[in-house]
Amino acid sequence: MTITPGPLLQAVNSPEDLKKIPMEKMNEFCEELRQFIIDVVSVHGGHFAASLGVVELTAALHYVYNTPYDQLVWDVGHQAYGHKIITGRKDSFETNRKYGGLSGFPKRTESEYDTFGVGHSSTSISAALGMAMAAKYKREKDRKVVAVIGDGAMTAGMAFEAMNHAGVANTDMLIILNDNGIGIDPNVGALKEYLTDITISPTYNKIKDDVWNALGKLPVGKSFTRAMAHKLTEGIKGMVSSSSNLFEALKLRYFGPIDGHNISKLVDTLNDLKDIPGPKLLHIITTKGKGYSLAEKDQTKWHAPGLFDKVTGEIYKKKFDTPQPPKYQDVFGKTIIELAKKNEKIFGVTPAMPSGSSLKYMMEEMPDRAFDVGICEQHAATLSAGMATQGLKVYCNIYSSFMQRAYDQVVHDIAIQKLPVVLCLDRAGAGRR
Numbered sequence: 007m008t009i010t011p012g013p014l015l016q017a018v019n020s021p022e023d024l025k026k027i028p029m030e031k032m033n034e035f036c037e038e039l040r041q042f043i044i045d046v047v048s049v050h051g052g053h054f055a056a057s058l059g060v061v062e063l064t065a066a067l068h069y070v071y072n073t074p075y076d077q078l079v080w081d082v083g084h085q086a087y088g089h090k091i092i093t094g095r096k097d098s099f100e101t102n103r104k105y106g107g108l109s110g111f112p113k114r115t116e117s118e119y120d121t122f123g124v125g126h127s128s129t130s131i132s133a134a135l136g137m138a139m140a141a142k143y144k145r146e147k148d149r150k151v152v153a154v155i156g157d158g159a160m161t162a163g164m165a166f167e168a169m170n171h172a173g174v175a176n177t178d179m180l181i182i183l184n185d186n187g188i189g190i191d192p193n194v195g196a197l198k199e200y201l202t203d204i205t206i207s208p209t210y211n212k213i214k215d216d217v218w219n220a221l222g223k224l225p226v227g228k229s230f231t232r233a234m235a236h237k238l239t240e241g242i243k244g245m246v247s248s249s250s251n252l253f254e255a256l257k258l259r260y261f262g263p264i265d266g267h268n269i270s271k272l273v274d275t276l277n278d279l280k281d282i283p284g285p286k287l288l289h290i291i292t293t294k295g296k297g298y299s300l301a302e303k304d305q306t307k308w309h310a311p312g313l314f315d316k317v318t319g320e321i322y323k324k325k326f327d328t329p330q331p332p333k334y335q336d337v338f339g340k341t342i343i344e345l346a347k348k349n350e351k352i353f354g355v356t357p358a359m360p361s362g363s364s365l366k367y368m369m370e371e372m373p374d375r376a377f378d379v380g381i382c383e384q385h386a387a388t389l390s391a392g393m394a395t396q397g398l399k400v401y402c403n404i405y406s407s408f409m410q411r412a413y414d415q416v417v418h419d420i421a422i423q424k425l426p427v428v429l430c431l432d433r434a435g436a437g438r439r
């Protein structure tokens, strides 16, 4: 089945083609891009909701920046379908995640536009900082570097390690925080509450908008106006919110939050930020699954739904001639509850995978004994070890492919100390060479 893109998208085979589209038609282009992703994924499969949520941002980035000379780093990789389509892979997009076809994630060997390979999360700021530091060393003053972090990736410690360094490295880079409140499952933790505080502060946002509008009418230069506005808004943030200086405390100039689905606002903002030197963070608000109502309502289900009928929303199930056993993770999820009812020392821990590991059942039934710690595999392992020192029996549930991040903690914090932590490696398998 050949899927034909809309007329605007059909003419775009590179960012240079995209730049030829008049700004007044960019909303139409974004709708065509979003519809093309829906059409292809519904028939051929793949990740779904994440890329729908960043359609406008993707278009704006390639509209404003000189990619691939300007470096664009995606985090996490399943946000990047629109990026692949715009950068010359539209005609082969139907091969996505198929043998011999496109990778489901950015891949350096696949395209010069894929500046960094991304199969997991929370690596973009570190990688982008490395690129920015290299550009500074090579005196490439005109080269811009942008990290797009979202889909829950900001909850990982690595992101904060990178921001901590970026604030003092004093390199010219932009971090875009795509705040959609969800990874695969809803985001958790104090950072989620902090971002919510910024987003919903009506006092700060109203005053900030009033300041920008008023200064825009002054008969002075653009650079003076921008500098004045920044100073005033920073003062406002300090007055109306005691928690709004986290990024500023790390010496990152904070801008936002702004509507991540307003293409003209995004283009204007990115053009402005290009002229501001140093490390910066732009906070945008998006909806995961934007443009497909069922995905907007149930973002976890539609993260990677498989094949589906785009009109009815029916997700096609594999049909078997004989009854099938329950999934391994569901057996685990139900069994740990049975065991926990018999032993009050049993606890469950998972790094952002309560649905995939089926620990969600225990979290619902025993919320004081099962915890989602965010995309933090290292923390999950050592947290489990700490609980085990106090006599608790901890079942730590981590996808096998993500366990590589916690190897050191498993060896140093659990194994060497002989602590009784049960590591439940979901989606692990054995095979013959």
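Heads up: the sequence shown begins at 7 in my numbering, then just goes up one per residue. Every residue gets a Cβ at the ideal spot worked out from N, C-alpha and C, and that includes glycine.
Using 8 Å as the threshold, is the segment 281 to 292 in touch with the segment 84 to 94, meaning 3 or more CB pairs across them?
-> no
Residue ranges of each beta strand (DSSP E) run of no fewer than 3 residues wholly in the segment 243 to 307, ordered along the chain?
-> 259 to 265 and 285 to 291
Grouping DSSP H, G and I as helix and E and B as strand, with all else coil, what is residue 77?
-> On the sequence shown, position 71 is the one that residue 77 refers to. DSSP places residue 77 in strand when its eight states are reduced to three.
What's the C-alpha gap between residue 68 and residue 36?
-> Translated into the one-based positions of the sequence shown, residue 68 becomes position 62. Translated into the one-based positions of the sequence shown, residue 36 becomes position 30. Near 12 Å, if we compare the C-alpha coordinates of residue 36 and residue 68.
Contacts around residue 66, its chain only, beta-carbon distance under 7 Å, and the 5 residues preceding and following it disregarded | Taking the sequence shown and counting its residues from 1, one reaches residue 66 at position 60. So the list reads 269, 272, 273 and 276, once near-sequence residues are dropped.
Alpha carbon to alpha carbon, what distance is there between residue 359 and residue 304?
-> Your numbering for residue 304 matches position 298 in the sequence shown. Your numbering for residue 359 matches position 353 in the sequence shown. Each residue's alpha carbon lies about 16 Å from the other.
Same chain, Cβ closer than 8 Å to residue 24, five either side skipped, listed in chain order = Working through the sequence shown from its first residue, we reach residue 24 at position 18. The residues are 18, 35, 65, 68, 69 and 92.
Give me the Cα-Cα distance between residue 395 and residue 416, rounded to the nearest whole angstrom.
-> Against the sequence shown, residue 395 aligns to sequence position 389. Against the sequence shown, residue 416 aligns to sequence position 410. If you take the alpha carbons of residue 395 and residue 416, they lie about 14 Å apart.
At which residues does the alpha helix (DSSP H) containing residue 381 begin and terminate?
-> To locate residue 381, count along the sequence shown from 1; it is residue 375. Looking at the DSSP string, residue 381 is not in any alpha helix (DSSP H), and its letter there is neither H nor E.
Apart from the five residues on each side of it in sequence, which residues of its chain come closer than 6 Å, Cβ to Cβ, to residue 253?
-> Numbered from its first residue, the sequence shown carries residue 253 at position 247. Cβ within range, chain order: 260 and 287.
Sequence-distant residues of the same chain with beta carbon closer than 6 Å to residue 385, five excluded per side | Against the sequence shown, residue 385 aligns to sequence position 379. For residue 385, where only same-chain residues beyond five positions count, the Cβ hits under 6 Å are 379.
For residue 314, the three-state DSSP class (helix, strand or coil) | Within the sequence shown, residue 314 is the residue found at index 308, counting from 1. Residue 314: strand per DSSP, three-state reduction.
Smallest Cα separation from residue 159: which of 179, 130, 171 and 178?
-> Numbered from 1 along the sequence shown, position 153 holds the residue referred to as residue 159. Ranking the options by Cα distance to residue 159, first place goes to 130.
Can you say whether residue 29 is buried or exposed, counting buried as having 16 or more other CB atoms within 10 angstroms of its CB?
-> Reading the sequence shown from its first residue, position 23 is the one you call residue 29. Flag for residue 29 reads exposed.
Can you give the Cα-Cα distance for residue 10 and residue 425, rounded to whole angstroms?
-> Walking along the sequence shown from the start, residue 10 turns up at place 4. Walking along the sequence shown from the start, residue 425 turns up at place 419. Each residue's alpha carbon lies about 57 Å from the other.
With a threshold of 16 other CB atoms inside 10 Å of the CB of residue 322, please say whether the residue is buried or exposed.
-> Position 316 of the sequence shown, counting from 1, holds the residue named residue 322. It is exposed - the Cβ of residue 322 has fewer than 16 other Cβ atoms within 10 Å.
From residue 152 to residue 118, what does the alpha carbon distance come to, in whole angstroms?
-> What you label residue 152 is simply residue 146 of the sequence shown in a count that begins at 1. What you label residue 118 is simply residue 112 of the sequence shown in a count that begins at 1. Going by the C-alpha atoms only, they are around 15 Å apart.
Buried versus exposed, by CB contacts within 10 Å (16 or more), residue 349 | Here residue 349 is taken as the residue at index 343 of the sequence shown, counted from 1. So residue 349 ends up on the exposed side.
Find out if the Cβ-Cβ distance for the pair residue 57, residue 316 is shorter than 8 Å.
-> In the sequence shown, residue 57 corresponds to position 51, counting from 1. In the sequence shown, residue 316 corresponds to position 310, counting from 1. Contact flag unset, no.
Might you give, ordered along the chain, the residues of its own chain that have their beta carbon closer than 8 Å to the beta carbon of residue 368, omitting 5 neighbours on each side?
-> Here residue 368 is taken as the residue at index 362 of the sequence shown, counted from 1. Here the set comprises 339, 342, 343, 346, 354, 375 and 376.
Separation of residue 110 from residue 325, as counted between CA atoms | Counting from one through the sequence shown, the residue named residue 325 turns up at place 319. Counting from one through the sequence shown, the residue named residue 110 turns up at place 104. Approximately 25 Å, taken between the alpha carbons.
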